[in-house]
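Visitor: Below is one structure. I have some questions about it.
Number of protein chains: 2
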Amino acid sequence: MTDDDRVFKALADPSRRFLLDLLFARDGRTLTELESELEMTRFGVAKHLRVLEEAGLVVTRRSGREKLHFLNPVPIRQIHDRWIDKYTEHQITTLIDLKRTLEEES
Amino acid sequence: MTDDDRVFKALADPSRRFLLDLLFARDGRTLTELESELEMTRFGVAKHLRVLEEAGLVVTRRSGREKLHFLNPVPIRQIHDRWIDKYTEHQITTLIDLKRTLEEES
DNA sequence: TTGACATGTGACCGGATGGTCACATAACTT
DNA sequence: AAGTTATGTGACCATCCGGTCACATGTCAA
């Protein structure tokens, strides 16, 4: 299993993406805290966090008996850079900003 | 199945990512042309292209009996924007550019 | 219009994946 | 030391997914 394979497989599950959303909103949470946000047993959440950590999308730090989880944006940026070059990036951000502006006006 | 679920599921397979790489290098290819680049039957490739198209990562245009395939970067950029805010984007691009520079020097 | 070419469909099978549970270790508290 | 809290492990099962095949449709060229 290659590194990028681990990243994309990790992102393929909606529960794991939701965990990233939670960490994007606020970093440094424990398993138990994250578990309370999902309708799933602790074991399921722990398994998902392990997949995210092995993919490098989440990094952890131990503090006593607690394990704190942090979002790592680097692999996400690398996905972006794989299929969007500098020129396209400028076009696409302009387009998306325009779309957002139009939606706000309506 | 939500839109973003289709996108991430589509990206979870290495053959499909390779197809995106091929289209990133050169757009507007037919199924038969793409098939010759993979070690897989035509049916397998067609199935993967269908998944990519339903996810909006690939858009197609018919030309007679041929179907031309094009890469659509919009869903990729949206993945980026989901977990990387403007401030982090600046930090991360600086970091990645630095890393690239160091690797080129060594 | 006949044959070759490009693509599409539905069924099938082996392997991978998501979620749970019983059980276990380690650390804080009193 | 004892009870509670936070996390870790391995097995299990239902379901999904990747790839192939037999078969079919539509298009071009002579």
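Each protein sequence line maps, in turn, to chains A and B.
The C-terminal residue of the first sequence carries number 106 in full-length UniProt numbering, and the numbering is unbroken.
The C-terminal residue of the second sequence carries number 106 in full-length UniProt numbering, and the numbering is unbroken.
All C-beta atoms in this analysis are idealised placements derived from N, C-alpha and C, irrespective of residue type, glycine included.
1. F24 of chain A touches chain B at which residues, Cβ-Cβ below 8 angstroms?
2. When DSSP builds the beta bridges, which residues end up paired with S63 of chain B?
3. What's the gap between the Cα of L20 of chain A and the Cα of G64 of chain B?
4. Could you check how far apart the C-beta atoms of D5 of chain B and P14 of chain A are, in whole angstroms? I think they sit under 8 angstroms.
5. Measuring CB to CB, does F70 of chain B end up less than 8 angstroms from L102 of chain B?
6. Tell me, please, whether the CB atom of K9 of chain B is closer than 8 angstroms to any CB atom in chain A?
7. Which residue's Cα is closest to the Cα of T30 of chain B: B:V58, B:L11, B:A12?
8. Using a Cβ cut-off of 8 angstroms (strictly closer), state whether T101 of chain B contacts chain A.
9. Rounded to whole angstroms, what's the CA-CA distance from K9 of chain B to V51 of chain B? Just pull it up for me.
10. Nearest by alpha-carbon distance to R17 of chain B: which of B:R62, B:L38, B:I96 is it?
11. Closer than 8 angstroms between beta carbons: that is the criterion. Which residues of the region 48-76 of chain B meet it against chain A?
12. Give, in chain order, every unbroken run of the alpha helix (DSSP H) that is at least 4 residues long and sits entirely within the UniProt domain "HTH arsR-type" (1-91) of chain A.
13. Under 8 angstroms between the Cβ atoms of L68 of chain A and R77 of chain A?
14. Name the chain B residues whose beta carbon is nearer than 8 angstroms to that of R42 of chain A?
15. Going by beta-carbon coordinates alone, are I84 of chain B and I96 of chain B separated by less than 8 angstroms?
16. In whole angstroms, what separates the C-alpha of A46 of chain A from that of E66 of chain A?
17. How many angstroms separate the CA atom of R100 of chain A from the CA atom of E54 of chain B?
18. I want to see whether chain A comes within less than 8 angstroms of residue 124 of chain B, judged by CB atoms only; does it?
19. How many whole angstroms separate the CB atoms of R42 of chain A and E35 of chain A, which I take to be in contact at a CB cut-off of 8 angstroms?
20. Please list the partners that L20 of chain A has in chain B, where partner means a Cβ-to-Cβ separation under 7 angstroms.
Guide: Reading from the atomic positions:
1. Under the 8 angstroms cutoff, chain B gives R82, W83.
2. According to DSSP, residue pairing for S63 of chain B in a beta bridge involves B:E66.
3. Taking the straight line from one Cα to the other gives about 44 angstroms.
4. In this structure D5 of chain B touches P14 of chain A by the C-beta definition: roughly 6 angstroms separates them, less than 8 angstroms.
5. No. Outside cutoff.
6. At least one chain A Cβ lies under 8 angstroms of K9 of chain B.
7. For T30 of chain B, the nearest C-alpha among the options comes from B:V58.
8. False, the Cβ-Cβ gap to chain A never drops below 8 angstroms.
9. In this structure, the CA atom of K9 of chain B is about 9 angstroms from the CA atom of V51 of chain B.
10. With distances taken between Cα atoms, R17 of chain B lies closest to B:L38.
11. The residues in question are L71, P73, V74, I76.
12. Listed in chain order, they are 3-11, 14-25, 31-35, 42-54, 74-83.
13. In this structure, L68 of chain A sits away from R77 of chain A, with a CB-CB distance that is not shorter than 8 angstroms.
14. Within chain B, no residue comes near R42 of chain A; the closest Cβ sits about 24 angstroms away, beyond 8 angstroms.
15. In this structure, I84 of chain B keeps its C-beta atom at 8 angstroms or more from the C-beta atom of I96 of chain B.
16. In a straight line, the C-alpha of A46 of chain A is about 13 angstroms away from that of E66 of chain A.
17. Spanning the two alpha carbons is a distance of roughly 23 angstroms.
18. Nothing about residue 124 of chain B can be reported from this structure: the residues present for chain B run from 1 to 106 only.
19. Confirmed, about 5 angstroms.
20. Within 7 angstroms Cβ-Cβ: W83.
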